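With the first letter of the sequence shown counted as 1, position 264 gets the number 263 in numbering that gives the first Met the number 0; the numbers rise by one all the way through. Notes follow once the structure below has been shown.
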Amino acid sequence: MTDTKTIPVLIPGRMHAGTLEALQGLFDVRQAQGQPIESLSESERAGIRGVALMGVFTAEMMKLLPNLEIIAHFGVGYDGVDAGYAAANGIMVTNTPDVLTDEVADTTIGLLLNTVRELSRAEAYLRAGNWEKNGNYPLTKTTLRGRSVGIMGLGRIGLAIARRLEGFGVPIAYYNRSERDDVAYAYHPDLKSLAAAVDTLIVAAPGGAGTDKAVDAAVLAALGPDGVLINIGRGTVVDEDALIAALQNGTIRAAGLDVFAREPHVPQALIDLDNAVLLPHVASASEHTRQQMGNLVIQNLEAWFSGRPPATPVPEAVKAGLERRG
Ligand code: 8YV
């Protein structure tokens with residue numbers, strides 16, 4: 000086993016506590032504690048060979064670390080990391096797919112049911128003493144019964160959501176960059192056509208330039224007045240202003256959101272809406288699953304610095320042929 004204890008690994012911002020502790024036992028961890036990387040001395044920066052992070056790592060940041068070899072991202076979505084620049088400059092990028100798929104899919108179903116059956120609001124009604132004082136909670140106008148569901152992004156997570164939905168007896172269709180040959184769900188090569196064909200749209204697509212504000216006013220209008228939008232992908236995929244307007248004026252009926260365009264900021268206009276269920280980006284946030292994600296971050300760094308291929312390189316790194324060090 001290679002001794003990795005002398006290898007400087009930078010953790011620029013927040014990190015899952017258990018993972019941070021394990022990394023500190025394995026590597027020479029340097030923490031920027033939220034300070035800009037420029038605040039490290041030039042010689043400190045030159046020493047950094049690995050980065051472990053949640054969130055954003057731009058090309059500009061990479062340029063400040065001339066001997067950087069690997070960026071191990073905690074999370075499946077790595078839209079905050081400039082993986083194209085990294086690949087072009089021989090820097091490995093890894094993420095944490097698979098280990099969170101089931102947790103995120105489970106949470107998505109919970110958020111969908113909560114949104115159509117108003118479970119959070121019904122509980123708040125009980126806790127406020129209204130059941131005893133004012134009688135039964137009003138019947139919900141929405142239900143999953145009779146709905147048809149469209150999934151934007153039928154990757155690992157989208158597919159796990161679809162499989163769960165099969166058990167609910169609702170028809171399923173999807174929009175994806177390309178049609179899958181291993182599913183029988185109806186494929187729409189166009190997002191607006193999917194939205195027009197269903198009344199419930201689940202966003203399970205990654206962020207980034209390719210999906211920025213893809214769910215716009217036209218898509219929401221196509222979803223229609225009984226429409227329900229669920230987003231557990233990235234906040235940037237939805238035009239948030241258009242969504243707020245659509246919820247305010249009845250263009251669609253309700254939304255369940257785990258992700259937002261400028262987290263942790265959530266627009267007051269969304270908070271003010273009764274027909275939105277809002278979660279603080281918790282889809283993968285159980286101790287169990289975050290530990291699995293952290294283990295994968297550690298595995299990837301250990302593999303890389305031992306000269307073995309990391310378990311989960313991102314596609315850009317694979318395409319660039321960056322399987323292992325050197
Ligand atoms: C994040 C997520 O990892 O995996 C993802 O893409 O969105 C989350 O699980 C988490 O918020 C930590 O940044």
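Ideal Cβ positions, reconstructed from N, Cα and C, are used throughout, including at glycine. Treat the numbers as computed from the prediction; the structure is a model and nothing was measured.
Buried versus exposed, by CB contacts within 10 Å (16 or more), residue i
i: residue 130; result: exposed
i: residue 238; result: buried
i: residue 189; result: exposed
i: residue 287; result: exposed
i: residue 149; result: buried
i: residue 208; result: exposed
i: residue 321; result: buried
i: residue 125; result: exposed
i: residue 2; result: exposed
i: residue 68; result: buried
i: residue 175; result: buried
i: residue 289; result: buried
i: residue 55; result: exposed
i: residue 309; result: buried
i: residue 74; result: buried
i: residue 204; result: buried
i: residue 306; result: exposed
i: residue 24; result: exposed
i: residue 146; result: buried
i: residue 221; result: buried
Check: residue i C-beta below 7 Å from any heavy atom of the ligand 8YV
i: residue 285; result: no
i: residue 74; result: yes
i: residue 61; result: no
i: residue 53; result: yes
i: residue 280; result: yes
i: residue 110; result: no
i: residue 272; result: no
i: residue 269; result: no
i: residue 99; result: yes
Below-8 Å beta-carbon distance, residue i vs any chain C residue
i: residue 150; result: Given the protein chain composition of this structure (a single chain), no chain C is represented.
Whole-number beta carbon distance between residue j and residue i, since they are thought to touch under 8 Å
i: residue 6; j: residue 49; result: 7 Å
i: residue 283; j: residue 292; result: 7 Å
i: residue 229; j: residue 107; result: 7 Å
i: residue 72; j: residue 94; result: 5 Å
i: residue 92; j: residue 315; result: 7 Å
i: residue 313; j: residue 45; result: Contact flag wrong, Cβ pair sits at about 25 Å.
i: residue 218; j: residue 194; result: 5 Å
i: residue 142; j: residue 162; result: Residue 142 to residue 162, Cβ: 21 Å. No contact.
i: residue 97; j: residue 155; result: 7 Å
i: residue 101; j: residue 159; result: 6 Å
i: residue 223; j: residue 201; result: With 8 Å as the limit, residue 223 and residue 201 do not qualify as a contact, their Cβ atoms being about 16 Å apart.
i: residue 136; j: residue 153; result: Not quite, the Cβ-Cβ distance comes to about 35 Å (not below 8 Å), so this is no contact.
i: residue 319; j: residue 86; result: 4 Å
Segment limits, alpha helix (DSSP H) that includes residue i
i: residue 113; result: 100-116
i: residue 79; result: It is not in any alpha helix (DSSP H) - residue 79 carries neither H nor E in the DSSP assignment.
i: residue 317; result: 314-318
i: residue 290; result: 286-304
i: residue 247; result: 239-247
i: residue 32; result: Here residue 32 belongs to no alpha helix (DSSP H), and DSSP marks it neither H nor E.
i: residue 221; result: 216-222
i: residue 228; result: It is not in any alpha helix (DSSP H) - residue 228 instead sits in the beta strand (DSSP E) that spans 227-230.
i: residue 143; result: No alpha helix (DSSP H) contains residue 143, which DSSP labels as neither H nor E.
i: residue 40; result: Residue 40 -> no alpha helix (DSSP H), and no H or E assigned at all.
Unbroken beta strand (DSSP E) run spanning residue i, endpoints
i: residue 189; result: Premise fails: residue 189 is in no beta strand (DSSP E) and is neither H nor E.
i: residue 14; result: Note, residue 14: premise wrong, no beta strand (DSSP E); not H, not E.
i: residue 255; result: 253-256
i: residue 200; result: 199-202
i: residue 69; result: 69-72
i: residue 49; result: 49-52
i: residue 149; result: 148-151
i: residue 277; result: 275-277
i: residue 171; result: 171-174
i: residue 265; result: It is not in any beta strand (DSSP E) - residue 265 carries neither H nor E in the DSSP assignment.
i: residue 93; result: 91-93
Count the C-beta pairs between the stretch 6-15 and the stretch 26-35 that are closer than 8 Å, then say yes if the count reaches three, no if not.
-> Three or more Cβ pairs closer than 8 Å define a contact, and the stretch 6-15 meets that threshold against the stretch 26-35.
Using 8 Å as the threshold, is the stretch 293-303 in touch with the stretch 266-276, meaning 3 or more CB pairs across them?
-> Three or more beta-carbon pairs separated by less than 8 Å are not found between the stretch 293-303 and the stretch 266-276, which leaves the two stretches without contact.
Would you check if there are 3 or more beta carbon pairs closer than 8 Å linking the stretch 46-65 to the stretch 257-271?
-> Contact fails: fewer than three Cβ-Cβ distances are below 8 Å.
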